[in-house]
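Accompanying notes for the structure given below.
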Amino acid sequence: GFKAWVARVLERPSWQICLMALTFYSLFSPDIDMLVGTKESEFNLSIATTVVFGMFGMELVMQSIAKTDYLCRAYFWLDLIALASLLPDTWLMKAMTSNNQFVAAR
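In structure tokens:
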């Protein structure tokens, strides 16, 4: 069924390599951009981080579906905290904090 298919996707080496690359991206790209980036690269990075946020969110849901002992356990909370730590660097959050219309609506 669907649960077994999700489990097979999560176990594929290509999926694991992809998520590992995204992990390295999320760990190091903001620092590299801060050192050598421009305003334009910051904008592009925020869009890429939004995509990465979506991928990690999808992985969190998939893990919750495929593994019965994942939801609300230690790795779930670690993944959720890691996902939340990406939120400030996403395009939506940057747009909300830099646009006066969003600030005025608070």
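Note that the numbering used here has the sequence shown beginning at 18, numbered continuously upward.
For every residue, glycine included, the Cβ atom is placed at its ideal position computed from N, Cα and C.
DSSP, read as helix, strand or coil, puts arginine 90 in coil. Around the beta carbon of threonine 66, 16 or more other beta carbons lie within 10 angstroms, which makes this residue buried. Tryptophan 108 and glutamate 59 have their C-alpha atoms some 10 angstroms from each other.
For glycine 74, the enclosing alpha helix (DSSP H) has its first and last residue at 56–83.
Counting only the Cα atoms, alanine 112 lies some 32 angstroms from leucine 27. Fewer than three beta-carbon pairs drawn from the segment 76–95 and the segment 42–50 are found closer than 8 angstroms, and the two stretches are therefore not classed as touching. In the structure shown, threonine 40 falls within a helical segment according to DSSP collapsed to helix, strand and coil. One Cα belongs to lysine 84, the other to valine 68, and the distance between them is close to 24 angstroms.
For arginine 29, the secondary structure class from DSSP, reduced to helix, strand or coil, is coil.
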